[in-house]
Structure formats: structure tokens, C-alpha cells
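What follows is a short report on a single structure.
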Amino acid sequence: MCGRENMNVFWIGGLFWLSIGAALVFLIRGVMRQQFLSFLLCALLLLPSAYYFSGAENAYRWIMLSPLVPLLAAGWLSMKKR
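Going by our numbering, the first residue of the sequence shown is number 73, and it counts up by one from there.
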């Protein structure tokens, strides 16, 4: 009983940071290759962390706007290609 609950928290935190890391990889890839899909995947991977921080009672609440940056970049890129 002592270590079981801590292990679940470890996995949740690991997945949280893994999704943020993958989002950064897709953001860099989207900037370098100008790919719409990379920006879209970056925004989707940032959604869980944005949802988590939306309940904050301090300045961390602004993190919930982080998926908007790659979404705006994807929109700009799609308008540019037309």
C-alpha cells in the first residue's frame, strides 16, 4: 500500500511531461519544415497540460492559452499556402 499510490502519480507525471516534450518536438519540426500537421499535433499534445493549468488560481492560468500559439501558426500557414 505504501508504494502503489506513489507509482500511479509517477506515471501520470511522466505522461504529462512526455506530452509536453513531444509537443515541443512537433513545434520545432513545424517551424523548421513549415508543416500544418506538425503544428496541429503540437496543439493537440498541449491540450491536457492547458486543461490542467486552467484550474490554477494564479499566473499559471495563462498556460491554458498555450495551444493557441501552434493553432494560430497552423492557420497562418494554411492561409499562406492558398
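We treat Cβ as the ideally placed atom computed from N, Cα and C, and that holds for glycine.
Here the structure is a predicted model, which is why all the values come from computation and not from measurement.
Considering just the uninterrupted stretch of the alpha helix (DSSP H) at residue i, what are its terminal residues?
| i | result |
| --- | --- |
| Gly147 | Leu140 to Lys153 |
Return the CA-CA distance between residue i and residue j, expressed in angstroms with no decimal places.
| i | j | result |
| --- | --- | --- |
| Ile92 | Gly86 | 10 Å |
| Leu113 | Ile84 | 20 Å |
| Phe125 | Phe88 | 12 Å |
| Phe108 | Leu96 | 15 Å |
| Ala146 | Phe111 | 6 Å |
| Arg101 | Lys153 | 18 Å |
| Asn130 | Val141 | 21 Å |
| Leu149 | Phe98 | 15 Å |
If you drop the 5 nearest sequence neighbours on each side, which residues of the same chain put their C-beta closer than 6 Å to that of residue i?
| i | result |
| --- | --- |
| Pro139 | Ala115, Leu118, Leu119 and Ala122 |
Check residue i in the structure and name its three-state DSSP category.
| i | result |
| --- | --- |
| Gly102 | helix |
| Ala115 | helix |
| Ala95 | helix |
| Gly127 | coil |
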